[in-house]
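FYI, the numbering used here numbers position 48 of the sequence shown as 437, with every residue one higher than the one before it. Using N, Cα and C, we set each Cβ at its ideal position, and we do this for glycine too. Because the structure is a prediction, the values reported are computed rather than measured.
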Amino acid sequence: MQYGSIDRPYVVPDTTFQPQVMLPQKYVKWLSTQPKSVLSSEAVRIERNGVKYLPTSLDPESSLLFIDKIVGQSLSQGLDLIQPDMYDEIRHTVDSTLGTDVCSWRVIDLSQAMSTIIDGTGNRVLFGLSLCRNVTYLRVLRLFIIFMGASTLLIGQLPPWVLRPVAGALLSIPTLIFKKLSVSYVQPLVKERMQSVNVDDNDQGSSSRKSHDFVTQSIKSAKKFRKSIEGDVSMYLAEQFLILAFAGMATTVAAATNVCLDILSASPRIKLYETLRLEAVSVFKSEADWMSPASIKNLPNTDSTIRESLRKNTLQSRGLLKKVMPKEGILLPDGTHVPQGTWLGVPVQAMQQDEKLYPQAYEYDPLRFTRLQITMNTEEAGSKDDPSAGKNLFDAAQPSDKYLSFSYGRSAW
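Set out below in structure tokens:
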């Protein structure tokens with residue numbers, strides 16, 4: 390770490406005995422823009438997540454294309470179509486999990502409560518009302534997520550010789566069981582949506598609301614997929630949806646739990662809870678406001694609070710890991726030679742607690758990003774002739790080379 394503090398690359402030990410070199414923050418943009426023929430993130434994922442030991446027929450490249458192309462079109466661009474359902478499910482799960490009695494106290498398991506709320510809401514967005522309130526399916530999916538998560542975390546941390554194959558074989562059994570059980574619920578829904586998509590375009594029998602659900606839109610996007618899908622298309626899509634559910638819900642539960650704990654434990658002096666509540670009241674004045682994506686953009690203090698919690702409680706210690714592919718190795722911007730097979734990355738946790746990037750970095754400052762955004766806007770407004778004005782400040786709305794909780798570049802989520 391003494392080299393990292395002076396902006397130099399340094400070698401870090403790893404339980405897998407895989408040679409890894411951490412790069413300073415100033416190399417983040419360089420690292421994220423190298424072609425995959427030079428630095429491959431896919432090669433790292435296969436090893437780090439123990440992909441060949443997981444009970445799935447999907448290859449990582451196909452899953453990434455699915456998430457990038459299909460999900461990008463069906464979910465990200467159609468937020469206005471799914472937000473009403475998302476809001477309805479959040480309200481339902483919060484009321485049923487936390488209760489509506491405002492006159493008495495009750496003890497809850499916060500992590501379990503967040504899991505219930507996020508699992509229900511995530512499945513409402515992905516699969517609709519039929520599955521999101523199916524208690525048996527939700528339990529099966531949660532067990533699949535747990536064992537899938539344990540597999541990707543544990544297997545990739547073990548030496549690749551003896552321990553990794555043994556752990557992979559043992560964990561693949563329950564993971565496969567719960568995957569098949571989950572697929573038994575999801576695949577019929579996918580088949581139903583595929584049939585509706587194949588109906589003649591002139592048939593107006595299906596409701597417009599049904600045609601806008603995420604699965605239907607994803608199937609429509611998949612039909613335009615350049616890469617042909619071999620075998621049973623419904624099984625392929627069902628597996629992809631489950632991988633998406635795992636990737637989204639596994640980390641969101643942990644992040645949401647940390648956000649709540651940080652808010653509840655914040656110093657009474659800063660009156661954080663009161664500030665966030667007043668902001669919400671000023672934005673969500675009617676049912677229509679809850680259902681409008683524009684409302685979310687008018688919550689700078691809430692956004693800042695979430696981002697500060699993610700900064701303080703980062704879910705990864707190392708990020709942007711990529712494998713050196715050329716036989717001759719590569720040269721870093723400072724001229725350092727790195728041999729083939731070495732993993733390059735950045736120390737995410739260390740960066741996000743670096744006093745040079747974040748003053749008083751070890752303190753929880755929930756409105757940190759709100760102030761930085763205001764400062765940047767002021768700088769840009771006062772320096773219109775200087776295109777570099779505000780460039781070194783933090784953008785509270787986007788991942789950056791200083792804020793990597795959402796990764797960076799093509800890997801940002």
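- Bridge pairing for H726: L720 [DSSP].
- Per the Cβ contact rule, the segment 728-735 is in contact with the segment 689-709 (3 or more Cβ pairs under 8 Å).
- Assignment of G439 by DSSP, reduced to helix, strand and coil, places it in the coil class.
- Of the other Cβ atoms in all chains shown, fewer than 16 fall within 10 Å of the Cβ of Q501; this residue is therefore exposed.
- Here F536 is not near L578, since their CB atoms are 8 Å or more apart.
- Residue pairing from DSSP places L733 in a beta bridge opposite V410, K711.
- Take K712, set aside five residues on each side of it, and the residues of its chain with a beta-carbon closer than 6 Å to its own are S429, A432, V433, W732, in chain order.
- L650 sits away from L761, with the two beta carbons spaced by 8 Å or more.
- Approximately 6 Å separates the beta-carbon atoms of T694 and L665; this is inside 8 Å, confirming the contact.
- Residue state for Y399 is assigned as strand, using DSSP reduced to three classes.
- Considering only P715, Q741, D790, I763, the residue with the shortest C-alpha distance to P424 is P715.
- Between A627 and V586, the C-beta spacing is not below 8 Å.
- By the Cβ rule, the segment 526-543 counts as touching the segment 505-512, because three or more pairs are nearer than 8 Å.
- Listed as beta-bridge partners of S429 by DSSP are K712.
- For T445, there is no enclosing alpha helix (DSSP H), as DSSP gives it neither H nor E.
- K415 sits away from D403, with the two beta carbons spaced by 8 Å or more.
- Considering only A683, P755, M624, the residue with the shortest C-alpha distance to P657 is P755.
- Less than 8 Å separates the beta-carbon of P549 from that of T405.
- In the three-state reduction of the DSSP assignment, K660 falls in the coil class.
- The Cβ atoms of T489 and I506 lie no closer than 8 Å to each other.
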